[in-house]
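Q:
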Amino acid sequence: MTADGKVASTHGVNVNGLAHRELGWRPRLDFRHVLQCLRADEDFRSPLAQAIGAKGYHESVGEEGPFPID
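Count along the sequence shown starting at 1, add 760, and that's the number in our numbering.
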């Protein structure tokens with residue numbers, strides 16, 4: 761952070777606008793895809809997400825869910 765409390769850089773932030781404009785790229789798994797799958801009672805996850813499945817990283821779930829807020 762800078763002295764005035766602002767973020768000094770945006771490393772790790774991905775903006776796909778350039779890929780849209782320059783390459784005509786469009787994501788295959790977008791919100792529209794999720795809605796279509798829900799309407800058709802199909803799994804909306806990518807093939808990779810389906811293959812990996814749920815890993816169960818959290819052994820317990822508290823009052824606030826698996827990701828407690830401190």
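In this text, a Cβ means the ideal position worked out from N, Cα and C, and glycines have one as well.
Tell whether a beta-carbon distance below 8 Å holds between Asp-803 and Gln-810.
A: In contact: Asp-803 and Gln-810 (Cβ atoms closer than 8 Å).
Q: Can you look up Ala-814 in the DSSP assignment and give me helix, strand or coil?
A: coil
Q: Pull up the CB-CB distance for Trp-785 and Asn-774, whole angstroms please, since I reckon it's below 8 Å.
A: 12 Å between Cβ atoms; not a contact.
Q: In three-state DSSP terms, what is Leu-789?
A: DSSP, read as helix, strand or coil, puts Leu-789 in coil.
Q: For Asp-790, verify whether its CB is less than 7 Å away from any heavy atom of the ligand ZN.
A: For the ligand ZN, the structure offers nothing, since it holds no ligand at all.
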